[in-house]
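Beneath this line is the structure, given in structure tokens, with notes to follow.
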Amino acid sequence: MRKLSSLLALVLVLSLVSCAFAEDPFGKYDEPVTVHFVRSTDDTLDANYFSQHPDKTMTDNLWCDLYRDTLNIIVDYDWIVKGGDEYDQKLNIALGVGDIPEFVNVNTLQLKQLAEADLIMPLEDIYEAYASDFTKKILLDTGHSPFDAATVNGHLYGLPNVDSTLMIADLLWVRTDWLEKLGLPIPTTMDEVIATAEAFCKADFDGNGVDDTVGIAIAKDLWGQLFSLRGFFNGFDSYPGIWVEDENGKLVYGSTLPGTRDALQTLNEMYQKGLIDPEFGVKDGGKVAEATTAGKCGLFYGAQWNSIYPLQSCVNLDKDAQWRAVSIVPATDKPLKAQTDVGTLSWTVVRKDVEHPEAVVKMFNVFIDKNWGPNNENGVYYAPLDSESIWKLSPVVPTNPNKNNDAFMALEQYRKDGDESKVTGEAYSILQKLKAFESGSEEGFALWGWERIYGAEGAYGVLIDYQNKGMLQDNLFVGAPTETMTSRMSTLEDLQDEVFTKIILGESGIEAFDKFVEDFNTLGGKDITEEVNEWYESVK
Amino acid sequence: MRKENFVATPRPKKGWSRRELPFHLMLLPAVVLVFIYMYIPLGGLIIAFQKFVPAKGLFGNQKWVGWDNFIYLYHLPGAISALQNTIIIAFWKIILHLIIPITVSILLNEIRSTAFRRTAQTLIYLPHFLSWIIMGGILIDILSPSGGIVNRLLGLFGVEPIFFLGSNDHFRFTLIFTDVWKEFGFNTIVYLAAITNIDPNQYEAATIDGANRFQRMLYVTLPNMRMIIVLMMVLSLGNVLNAGFDQVFNLYSKQVYATGDILDTFIYRIGLIDAQFGVATAMGMFKSVVSTLFISTSYYCAYRFADYRIF
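Chains R and E are the protein sequences, given in the same order. Positions 122 to 661 (the numbering used here) are the ones given, in order, by the first sequence. Positions -2 to 308 (the numbering used here) are the ones given, in order, by the second sequence.
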């Protein structure tokens, strides 16, 4: 014990010493510093925040106030667009003319281009000097890969807006009230999933006599986090869009695996049986969500948050409706694995001539500290009851990757021992939501979605189960995009989606898949695979 | 019209006459604009031969790749079909955009009731003022196979629902039909104006010679419209590789790429979405070369067969 305390004292002294050398991570500027970002906005912000706070704007809100009051940093935006696609297009054009904002969130492809063009500055020294210890810990919580992906020629060019990898894994959302009505069990194999889909279609629960119920809902964006197909393909030992090891230990692109062929064939068979909406190719997630909430579908693959959007609207319309997220199901006797990916989707880069580049590191510190630090105000700044997704108002959003796991585990513990004192931070605000729901009040019912994620049979339990049982297939390529990947990968992905859509709809036969694999290789896939394996060898 | 207009003025031997100079000056701003926006950007065609990294800038140290981008395009599934689709869709649009407005304008001209004619004219050219963004949204709804009004109407006659925007059998037809429907009214205006200019004496003479209404249409109205028809045709042939980006972009989806993807949407996806600027420029350059061929041919044909010259 004594040893321990002297060790602690040593650590304390050392950290104090290092603090003396490092700059103050939370130091307030004497003069106001204006930082220029660009950003996208989305439906959830409009629906959950701006509609309830009509006097607030992107540059006048809780988060901007916080940055101004604590750091004397004024947040401004050069432009704001709606939707991620629009953002990428506008940013690509801005990059094309070399007119980049001071601070900008980019993906790895864009980051690499900017670094090679010498338009952004290396951040490793600034990061070391200004990042708080807690920030450093959080940003490394998913391993070193978010930093590797942003390292070009040995320099770190972007700060990762880290997020959980586990959250990417697909779940199967099922309408359990329909299962009960039909006396069916929760499906545990692919055959059962198809049988359930057929039964749902036949039952016509909305009772309008029109054949408009779909067995399994998918949207035109095949690999989204809502109405996704990833979980379905995973059942066939196929991992679209990520890099996995083949039997020789080499990395291969998961979409070209033989299992993909079987999955596509099965989907086409389901389409022929009328289990898939023939219009899915023209419907985006929002359109499919409308149909799902209107009771025209009882089965789909998606992420843990789907109960908040869109399923909450479904139960609001039909109080008897009940959904539950369950594990994805196997179609083969190979071990079942759900695919994940690097959860970090954006990196904040800094233009070369910016006077106060460290401002962004300080903003990272404040964001992480306010939401998950020891003295956090998560209930105010992250997702308070009256303004869901308020955290998105911050221009930088590094998320504590394990926060949802931790919260769920804390709530599980609470469910076992009932000791509320140990439930703190985000878990505490979630517990308030769960309690409000259990109270049966009207406002409480609006929190049904939260109960479906963090409740006793919540979606997060399934994800943790994946983790504990080793049922996760990570993306094994997590480096910076390779040379050929930078130019060719997105076109290959487009090609893949087009071919897959056609096969599902029967416009092309299954042999189109073999042609796709061939085309994939001729159009750059072969080079990419070689480059990816080179990288893989280098990190082994 | 005064007679002097038809008398050819003798050409001055040297330099510009004082009368011509102001006209040339008036032309100058247009020439400057064309030079800035049409000729200078031609330099950007160099991107087609580079592995273009946008952030390095147009004059940056880009990697020269020769014909690689063109070879890549050749191997890219969809490039050839985009070209085919463009030609087919544009061809039908050009033909129908000539025939239908001409027919409608002649028929409108024959209507005696001015009130009816004016109303009809206004009603048919109204859709022209709606942008394709709005039209696209409306069409997706009314053409939907599940509950769209068109399919409900067809259903009354026992027709199975048709997925106009999602089936490769119907997509091109839908594109051409909706485009012609949207634009024919507006195009009619030009022809109506041409008809108004026809000397009434010719009709009178034809009537005296015993021509009936139909014969007057055939032998007086149409021949008098010849010049404007040829002009419109030559001008529209320049669009043979423009099948209408706005329209296709708002109506197409992955499942109809096979019949509905055109060069412009293809270039848009490769260039702006996938950020493969070199490949997109290569495709754009290819399109320009083919367009030039078409325009030259059409100009030659117009000169050869209709004795029509722009210059």
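Don't be surprised by glycine CBs; every beta carbon is placed ideally from N, CA and C.
Worksheet item: Are the Cβ atoms of Gly105(R) and Ala318(R) separated by less than 7 Å?
Response: Examination of residue 105(R) is not possible in this model, given that chain R is present from 122 through 661 alone.
Practice prompt. Let me know the secondary structure DSSP gives Val365(R) once reduced to three states.
Written response: Of the three classes helix, strand and coil, the one that applies to Val365(R) here is strand, per DSSP.
Worksheet item: Among the residues of its own chain, which have a CB less than 6 Å from the CB of Trp184(R), if the five just before and after it don't count?
Response: Only Leu514 and Ser515 meet the Cβ criterion.
Worksheet item: Using 7 Å as the limit for Cβ to Cβ distance, is Asn213(R) near chain E?
Response: Chain E contact via Cβ: present.
Item to complete: Answer yes or no: does any C-beta atom of chain R fall closer than 7 Å to that of Val231(E)?
Response: Answer no: the Cβ-Cβ gap between Val231(E) and chain R never drops below 7 Å.
Fill in: Contained alpha helix (DSSP H) runs [length at least 4] in the region 127 to 156 of chain E, N- to C-terminal order
Here the runs fully enclosed are 129 to 139 and 146 to 153.
Fill in: Given 8 Å, three or more beta-carbon pairs between the region 182 to 199 of chain E and the region 266 to 280 of chain E
Contact between the region 182 to 199 of chain E and the region 266 to 280 of chain E is absent, because fewer than three Cβ pairs lie under 8 Å.
Worksheet item: When you compare only the Cα positions, how much space is there between Pro51(E) and Val245(E)?
Response: Cα to Cα, Pro51(E) sits roughly 27 Å from Val245(E).
Practice prompt. Keeping to the same chain, check which residues put their C-beta closer than 6 Å to that of Met222(E); ignore five residues upstream and five downstream.
Written response: For Met222(E), where only same-chain residues beyond five positions count, the Cβ hits under 6 Å are Ala191.
Discussion item. Quick check on Ser285(E): buried or exposed, where buried means 16 or more other Cβ atoms within 10 Å of its Cβ?
Written reply: Per the 10 Å Cβ criterion, exposed.
Practice prompt. Name, going along the chain, the residues of the region 270 to 286 of chain E whose beta-carbon falls closer than 9 Å to a beta-carbon of chain R.
Written response: Going along the region 270 to 286 of chain E in chain order, one finds Ile270, Asp271, Ala272, Gln273, Phe274, Gly275 and Val276 with a Cβ nearer than 9 Å to chain R.
Worksheet entry | Residues near Leu644(R) by beta carbon distance below 8 Å, same chain, minus five either side | The answer, listed in chain order, is Arg609, Thr612, Leu613 and Leu616.
Practice prompt. From the DSSP output, read off the bridge partner residues of Val156(R).
Written response: According to DSSP, residue pairing for Val156(R) in a beta bridge involves Val196(R).
Item to complete: On the DSSP bridge assignment, give the partners of His276(R) in chain order.
Response: Answer is Val273(R).
Discussion item. Can you look up Trp468(R) in the DSSP assignment and give me helix, strand or coil?
Written reply: In the three-state DSSP reduction, Trp468(R) falls in the strand class (E or B).
Discussion item. Output needed in chain order: residues of the region 235 to 248 of chain R with a Cβ under 8 Å from some Cβ in chain E.
Written reply: So the close ones are Leu235, Glu237, Ala238 and Leu240.
Worksheet item: Going by Cα to Cα distance, which pick from Gly380(R), Gly352(R) and Lys371(R) is closest to Asp358(R)?
Response: Taking only the C-alpha atoms, the option nearest Asp358(R) is Gly380(R).
Discussion item. Run through the DSSP bridge pairs and tell me what Arg296(R) is partnered with.
Written reply: Note: Arg296(R) sits in a beta bridge opposite Trp444(R).
Worksheet item: Between the Cα of Leu350(R) and the Cα atoms of Thr297(R), Leu420(R) and Leu244(R), which residue gives the shortest distance?
Response: It is Leu420(R) whose Cα lies nearest to the Cα of Leu350(R).
Item to complete: Evaluate Phe46(E) with the Cβ neighbour count: other Cβ atoms within 10 Å of its Cβ, from every protein chain shown; 16 or more gives buried, anything less gives exposed.
Response: Buried, because 16 or more other Cβ atoms sit within 10 Å of the Cβ of Phe46(E).
Discussion item. Check whether chain E comes within 7 Å of Ser467(R), counting only Cβ atoms and requiring the distance to be less than that.
Written reply: So no, Ser467(R) is outside the interface.
Fill in: Leu372(R) (DSSP reduced to helix, strand or coil)
Strand, per DSSP.
Practice prompt. On the DSSP bridge assignment, give the partners of Pro281(R) in chain order.
Written response: Pro281(R) is bridged to Trp468(R).
Practice prompt. Reducing DSSP to helix, strand and coil, say where Gly423(R) ends up.
Written response: If DSSP states are grouped into helix, strand and coil, Gly423(R) belongs with the strands.
Worksheet item: What do you get for Arg306(E), buried or exposed, if any count of 16 or more other CB atoms within 10 angstroms of its CB means buried?
Response: Arg306(E) should be labelled exposed.
Worksheet entry | Sub-7 Å separation of Gly133(E) and Ile139(E) beta-carbons | Cβ distance not < 7 Å, so Gly133(E) and Ile139(E) don't count as in contact.
Worksheet item: Since Ser293(E) is in the alpha helix (DSSP H), which residue starts that stretch and which ends it?
Response: Per DSSP, Ser293(E) belongs to the alpha helix (DSSP H) from Phe274 to Ala303.
Discussion item. With a threshold of 7 Å between beta carbons, is Tyr34(E) in contact with chain R?
Written reply: Nearest CB-CB separation between Tyr34(E) and chain R: not below the 7 Å threshold.
Discussion item. Are the CB atoms of Ile259(E) and Ala240(E) within a distance shorter than 7 Å?
Written reply: Taking C-beta atoms as the reference points, Ala240(E) and Ile259(E) count as a pair closer than 7 Å.
Worksheet item: Quick one: is Arg296(R) near chain E, going by C-beta distance under 7 Å?
Response: Taking Cβ atoms only, chain E never reaches closer than 7 Å to Arg296(R), which makes this a no.
Worksheet item: How about Asp640(R): is its C-beta nearer than 7 Å to some C-beta of chain E?
Response: Yes, contact with chain E.
Worksheet entry | Closest by C-alpha distance to Gly217(R), when choosing among Ile201(R), Glu533(R), Gln234(R) and Lys302(R) | Out of Ile201(R), Glu533(R), Gln234(R) and Lys302(R), Gln234(R) has the C-alpha closest to the C-alpha of Gly217(R).
Fill in: Contact residues within the region 605 to 621 of chain R, judged by C-beta distance below 7 Å to chain E
For the region 605 to 621 of chain R, the set of residues with a beta-carbon nearer than 7 Å to any beta-carbon of chain E comprises Ser608, Ser611, Thr612, Asp615, Leu616, Asp618 and Glu619, in chain order.
Worksheet entry | chain R contact for Gly163(E) (CB, 7 Å cutoff) | A Cβ of chain R is located within less than 7 Å of the beta carbon of Gly163(E).
Practice prompt. Give the single residue among Ala452(R), Glu301(R) and Asp474(R) whose Cα lies nearest to the Cα of Asp312(R).
Written response: Relative to Asp312(R), the option among Ala452(R), Glu301(R) and Asp474(R) whose CA is nearest is Ala452(R).
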